[in-house]
Amino acid sequence: MYIDKLDGKIGEDYFLDKSGEWRKEQESIRETIAKHEKANMNYLTQGVQIIELARKAYRLYLEQKPTEKRKLLRILLSNCTFDSGKLYPIYNKPFDLLVISKK
12 MYIDKLDGKI GEDYFLDKSG EWRKEQESIR ETIAKHEKAN MNYLTQGVQI IELARKAYRL
72 YLEQKPTEKR KLLRILLSNC TFDSGKLYPI YNKPFDLLVI SKK
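Residue numbering for the sequence shown follows our numbering, starting at 12 and increasing by one per position.
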């Protein structure tokens, strides 16, 4: 487009308008990319925290007071079923995936 301006094919006003539009669009795209990069880092951080919690859950459960045990179980489990004298946990996401992958 700059060459067209130099060759006189487009006017100065049109060139300035389009240049301004494209710069705004470029800045908007850069902001969107930055947001996605930040979200990606948050996602990775949360993933690491989930894996760490899953890895430490048993030890934490044994060491904590009843109120803290309840909180931990609420994070890990959505429900439990009891059948033939045996308790079967139903895990919240994403812990259910970790349990499946371990089997």
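Even for Gly, the Cβ is constructed at its ideal location relative to N, Cα and C.
Beta-carbon within less than 8 Å of residue i's beta-carbon, same chain only, minus the 5 sequence neighbours each way: which residues are those?
i	result
Glu23	Lys16
Cys91	Leu98, Tyr99, Pro100, Ile101
Glu36	none
By the three-class DSSP mapping on this structure, what secondary structure does residue i have?
i	result
Asn103	coil
Asp94	strand
Counting only C-beta atoms, is residue i closer than 8 Å to chain E at any point?
i	result
Ala45	Here chain E cannot be found, since the structure has a single protein chain.
Tell me, to the nearest whole angstrom, how far the beta carbon of residue i is from that of residue j; I am working on the premise that it is less than 8 Å.
i	j	result
Tyr72	Leu83	6 Å
Over what stretch of residues does the alpha helix (DSSP H) that includes residue i continue unbroken?
i	result
Met52	23 to 74
Lys82	77 to 87
Just to confirm my understanding: we take residue i, look at its own chain, exclude 5 residues before and 5 after, and list those with CB closer than 7 Å. What are they?
i	result
Phe106	Ala65, Leu87
Shortest alpha-carbon distance to residue i belongs to which of the options?
i	options	result
Lys29	Met12, Arg70, Leu108, Glu42	Met12
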